[in-house]
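If you're matching positions, the sequence shown starts at 4 in the numbering used here and goes up one per residue. Beta carbons are placed, not taken as given, at the ideal position from N, Cα and C, and that holds for glycine. Here's the structure, in structure tokens; my notes come after.
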Amino acid sequence: MTRFSTAKVLLGLITTAAISAGTLAETRWLSDELWVNLRASASDGAQVLQTIGSGTRMETLSDTAENGYLNVRTEQGTEGWIPRRYTQTNPTAALRLANVEAERDQLQQQLTELEERHRQLLANRGDVSGELEILREENERLATELNEITAISGDAIALDDRNKELTENNARLKNDLDLAQSQLSEIRESNDSSMLLAGGALIFVGLVLGVVLPRIRAKRRDSWA
């Protein structure tokens with residue numbers, strides 16, 4: 004009986020150590036819509052070091068499985084204890100939504116700049132105009148989906164699926180923007196080359212006229228004489 008009890012104690016210690024080792028240096032975020040006290044020790048009655056809100060990023064230093072507390076360190080360097088149930092291993096829905104919106108705004112700015120450069124080109128560059136129209140439609144669809152995500156931001160599973168899809172769409176939109184930018188550069192280079200050829204032709208014609216016309220006039224004077 005004594006051996007059996009000792010084995011149970013050892014097994015419990017090994018399990019606790021394994022859980023603690025697996026969570027060391029693990030990054031966690033405070034769950035949505037919460038304000039939680041960061042305490043000096045793993046106890047509800049311990050001194051409150053700081054009150055932190057939703058979306059606070061923390062590094063796990065140790066995990067006390069017995070009373071459900073985590074030893075964490077905030078990005079500002081404050082170390083303390085917080086109930087494990089208030090944390091999660093992924094950023095909050097609000098943070099993920101903010102990241103997607105920031106990326107959307109950046110792509111919108113790039114699209115606006117591209118449209119401005121496009122307006123300065125000749126009206127007969129239909130290919131680039133078609134590319135810009137596609138990008139504009141993609142951006143409008145992205146804005147619509149972001150509005151839908153905002154309405155369901157409380158549903159973390161649905162938000163995660165939307166976030167993955169938007170990330171893929173944003174990557175494809177970036178590629179389209181790069182392609183359109185390359186085409187604009189080729190068009191500018193083509194226009195510059197055409198202007199150089201036209202200028203060279205005018206210079207050549209001027210030289211020919213400068214040589215031929217005096218000879219013709221000289222022949223006419225000789226014939227009159």
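- Counting C-beta pairs with one atom in each stretch, the region 115-123 and the region 68-82 have fewer than three that are closer than 8 Å, which means they do not touch.
- With respect to the 9 Å criterion, L149 and L180 are not classified as neighbours on the basis of their beta carbons.
- Here the C-alpha atom of N70 lies approximately 13 Å from the C-alpha atom of A49.
- Only exposed fits E140, as fewer than 16 other CB atoms lie within 10 angstroms of its CB.
- I55 counts as buried, since no fewer than 16 other beta carbons sit within 10 angstroms of its beta carbon.
- V51 sits exposed, since fewer than 16 C-beta atoms from the chains shown fall within 10 Å of its C-beta.
- If only complete runs of 3 or more residues are kept, the region 79-123 shows the beta strand (DSSP E) at 82-86, in order along the chain.
- Using a Cβ distance threshold of 9 Å, L145 and G83 do not count as a contacting pair.
- L110 and N173 have their alpha carbons spaced roughly 8 Å apart.
- Membership of T77 in the beta strand (DSSP E) is indicated by the continuous run Y72 to T77.
- The straight-line gap separating the alpha-carbon atoms of L114 and N166 is approximately 21 Å.
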